[in-house]
Amino acid sequence: TSNKVLVSACLLGREVRYDGKDSPVKSASGLQWLAAMHRAQRLVAVCPEVGGGLSVPRPPAELVGGDGLAFWRGQARVISVEGLDVSAEFERGACLALELARRHQVCAAVLKARSPSCGGASVYDGSFEGRLIPGQGVTAALLRWAGVAVFTDEELDQARAFVEARG
Ligand code: SF4
Numbered sequence: 014t015s016n017k018v019l020v021s022a023c024l025l026g027r028e029v030r031y032d033g034k035d036s037p038v039k040s041a042s043g044l045q046w047l048a049a050m051h052r053a054q055r056l057v058a059v060c061p062e063v064g065g066g067l068s069v070p071r072p073p074a075e076l077v078g079g080d081g082l083a084f085w086r087g088q089a090r091v092i093s094v095e096g097l098d099v100s101a102e103f104e105r106g107a108c109l110a111l112e113l114a115r116r117h118q119v120c121a122a123v124l125k126a127r128s129p130s131c132g133g134a135s136v137y138d139g140s141f142e143g144r145l146i147p148g149q150g151v152t153a154a155l156l157r158w159a160g161v162a163v164f165t166d167e168e169l170d171q172a173r174a175f176v177e178a179r180g
């Protein structure tokens, strides 16, 4: 592997979220580390949802029927708040993220927590009422299946320790 890290584009100030905004990193030390990694050209940015063909802004979408792992088992879908099935776009975006991870031989990924694509530990339950379930997003699940160490933006200190231990 290389010393590069795959990262959710919205954590790098790119306004690619469903609501047309970015996702500012909350931890000061984490932000500092990401900025240093960025300057060293060690970050590979990806937004799986935009990469998969969705627009900015777009209606919010949630996993229905389970998390990202259930999605890859064919037990869950991704549905927008308007009732549109966007599973194909989520699948395409996840494959694109994996392709980038492999091409750059990243040693880890830092992804936005709770996103139906990027979430690493919990995702919304499909009710659009703000309820979380334990589980991961569609892209996070695929990357982990492929052996990539996935951290969320709430685990930046752990991500940093993991990456620095690998040089
Ligand atoms: Fe950010 Fe991932 Fe959502 Fe794109 S898909 S806006 S990178 S959380």
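Take the sequence shown: its position 22, counting from 1, is numbered 35 in UniProt numbering, and each next residue is one higher.
Cβ coordinates follow ideal geometry from the N, Cα and C atoms, glycine included.
Problem set entry | Delimiting residues of the alpha helix (DSSP H) encompassing V163 | On the sequence shown, position 150 is the one that residue 163 refers to. V163 -> not in any alpha helix (DSSP H); beta strand (DSSP E) instead, spanning 163–165.
Exercise. In its own chain, which residues sit with a C-beta less than 6 Å from the C-beta of D32, not counting the 5 before and 5 after it?
Worked result: Mapped onto the sequence shown, residue 32 falls at position 19. Hits under 6 Å: P70.
For this session: Would you be able to state if there are at least three C-beta pairs under 8 Å between the stretch 75–84 and the stretch 33–52?
Result: no
For this session: Grab the span of the beta strand (DSSP E) containing P147 for me, first residue to last.
Result: To locate residue 147, count along the sequence shown from 1; it is residue 134. That run of the beta strand (DSSP E) goes 145–147.
Exercise. Count the other CB atoms within 10 Å of the CB of R179; is the residue buried (16 or more) or exposed (fewer)?
Worked result: Taking the sequence shown and counting its residues from 1, the one referred to as residue 179 is at position 166. Its Cβ having fewer than 16 others within 10 Å, R179 is exposed.
Exercise. Shorter than 9 Å from the beta carbon of R52 to some beta carbon of chain D?
Worked result: In the structure shown, chain D cannot be found, because there is only a single protein chain.
Exercise. Which residues share a DSSP beta bridge with E75?
Worked result: As a working mapping, residue 75 is identified with position 62 in the sequence shown. Looking at the DSSP assignment, E75 forms a beta bridge with I92.
Problem set entry | Opposing strand residues paired with S135 [DSSP bridges] | Taking the first residue of the sequence shown as position 1, residue 135 is located at position 122. BP columns for S135 point to P147.
For this session: Have a look at R30 and P73 and give me their C-alpha separation to the nearest angstrom.
Result: As a working mapping, residue 30 is identified with position 17 in the sequence shown. As a working mapping, residue 73 is identified with position 60 in the sequence shown. Answer to the nearest angstrom: the Cα atoms are 9 Å apart.
For this session: Decide if the stretch 91–99 is in contact with the stretch 45–61; the criterion is three or more beta carbon pairs, one per stretch, under 8 Å apart.
Result: no
Exercise. So what does DSSP say about L124, is it helix, strand or coil?
Worked result: Indexing the sequence shown from 1 puts residue 124 at position 111. It is a strand residue.
Problem set entry | Residue from A107, G139, K125, C108 whose Cα sits closest to the Cα of E168 | As a position in the sequence shown, residue 168 is number 155, starting the count at 1. Per the Cα distances, K125.
For this session: Would you kindly work out how many angstroms separate the C-alpha atoms of A48 and V38, rounded to a whole number?
Result: Position 35 of the sequence shown, counting from 1, holds the residue named residue 48. Position 25 of the sequence shown, counting from 1, holds the residue named residue 38. Each residue's alpha carbon lies about 11 Å from the other.
Exercise. Helix, strand or coil: which one does DSSP assign to A83?
Worked result: If you number the sequence shown from 1, residue 83 lands on position 70. Helix.
Exercise. With a cut-off of 8 Å, do at least 3 Cβ pairs link the stretch 136–145 to the stretch 114–123?
Worked result: no
For this session: Note down the Cα distance separating F164 from F103, rounded to an integer number of angstroms.
Result: As a working note, residue 164 is residue 151 in the sequence shown. As a working note, residue 103 is residue 90 in the sequence shown. So the two alpha carbons sit approximately 19 Å from each other.
Exercise. What's the gap between the Cα of P147 and the Cα of A174?
Worked result: Counting from 1 along the sequence shown, the entry for residue 147 is found at position 134. Counting from 1 along the sequence shown, the entry for residue 174 is found at position 161. C-alpha separation (whole angstroms): 24 Å.
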